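In the numbering used here, the protein residues as written are 8 to 351.
Each residue gets a CB set at the ideal place from its N, CA and C atoms; glycine is no exception.
No experiment lies behind these values; they were computed from the predicted model shown.
Report on the following structure.
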């Protein structure tokens, strides 16, 4: 059953596409970005991020689930339960009230905004720049009967000029502003569309205070994370706070929640194959990911899978290994969470 689902997912994602060429182009994005910086020619990081998700969307959902986010993990807790608990903690921090207008910056497949709308009785607008994710979010909103209280808009976080100033009572961004070329500019746009006094919750990918820029090993891990996850830069905690303040926000709290509230399991444990049940996420286990690379190559030969599928599985495996390396070294976290407020 899992194999049939895997092959069906890959065929649907990459039919009629030059997948090998697309993967090769993606893996050269750092060089293209550097050349653009040097020559003052154009490079749009949004295109790189979109290509990353277009290649990997289905694999991500197949391996991680509908809610594409990390969460603090407690012993004997499933990943799905941990994500739900973490999402509800965010809802509580935002102090949502019935009837509020809330913006989800980078809504993905919409799992979180559906929870926010139903559990907090609010209206939600999801912002996304990836067509596949938007299409799926709208479809799932309709299936859940929530399309009257949830709207999805195609929009670049760096330019949300189509949205009026002071439109929302609350906002949140979960692992989305990390993909922007400038957090300061992204936060400034978010600041603009929030009402005075609005609360804003964010979850960022950051280098921890243990990161040593003088260490060749640490620099190599950081470069792998940037390359394989399409991150233009990975800031430290203080840099995130400074970017928020430069946009006008008042930072109320900020911390790495990796081990918060008694959650002692490493955040990267699910993809390292050492935590919980992985039946609903076959690509969480390293040996399964590696086996799928070889199996995908064989399936390409007999045309069960489209050409280049193995390259995408390999890309996803390298992304997972980069996460694991950063986590094990203690120098990277996807769980720097903050609560900020737009002054009244």
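{"Asked": "Stretch-stretch touch, CB-based, cutoff 8 Å, three pairs: the region 174-183 with the region 90-109", "Found": "yes"}
{"Asked": "Classification of residue 54 by the beta-carbon crowding that lies within 10 angstroms, buried from 16 upward", "Found": "exposed"}
{"Asked": "Length at least 3, wholly inside the region 78-161: the beta strand (DSSP E) runs in chain order", "Found": "108-112, 130-135, 157-161"}
{"Asked": "Range of the contiguous alpha helix (DSSP H) that encloses residue 61", "Found": "52-71"}
{"Asked": "Residue 164 (DSSP reduced to helix, strand or coil)", "Found": "coil"}
{"Asked": "Burial state of residue 341 (16 or more Cβ within 10 Å)", "Found": "buried"}
{"Asked": "Three or more C-beta pairs below 8 Å linking the region 306-320 and the region 71-87", "Found": "no"}
{"Asked": "Neighbourhood of residue 327 by C-beta, 7 Å cutoff - its chain only, sequence neighbours within 5 removed", "Found": "278, 296"}
{"Asked": "Touching by the beta-carbon criterion (3+ pairs, under 8 Å), the region 205-213 and the region 243-254", "Found": "yes"}
{"Asked": "Environment of residue 259 [buried if 16+ CB atoms lie within 10 Å]", "Found": "exposed"}
{"Asked": "Distance, residue 269 Cα to residue 81 Cα", "Found": "7 Å"}
{"Asked": "Residues near residue 105 in its chain [Cβ-Cβ closer than 6 Å; skip 5 each side]", "Found": "128"}
{"Asked": "Within 9 Å, strictly: CB atoms of residue 231 and residue 336", "Found": "no"}
{"Asked": "Straight-line Cα distance separating residue 291 from residue 275", "Found": "10 Å"}
{"Asked": "contact_flag[the region 106-117, the region 136-150] where n(CB pairs < 8 Å) is 3 or more", "Found": "yes"}
{"Asked": "Beta carbon of residue 186 nearer than 9 Å to that of residue 237", "Found": "yes"}
{"Asked": "Within 9 Å, strictly: CB atoms of residue 189 and residue 110", "Found": "no"}
{"Asked": "Nearest to residue 151 (by Cα), restricted to the options 63, 121, 89, 31", "Found": "121"}
{"Asked": "Where residue 237 sits in the DSSP three-state scheme", "Found": "coil"}
{"Asked": "Residue 303 burial status per 10 Å Cβ neighbour count (16 or more: buried)", "Found": "buried"}
{"Asked": "C-alpha distance - residue 131 paired with residue 171, whole-angstrom precision", "Found": "15 Å"}
{"Asked": "Close-in-space but distant-in-sequence residues of the same chain around residue 139 (CB under 8 Å, 5 per side omitted)", "Found": "60, 61, 64"}
{"Asked": "Rounded straight-line distance, which links the Cα of residue 309 to that of residue 215", "Found": "46 Å"}
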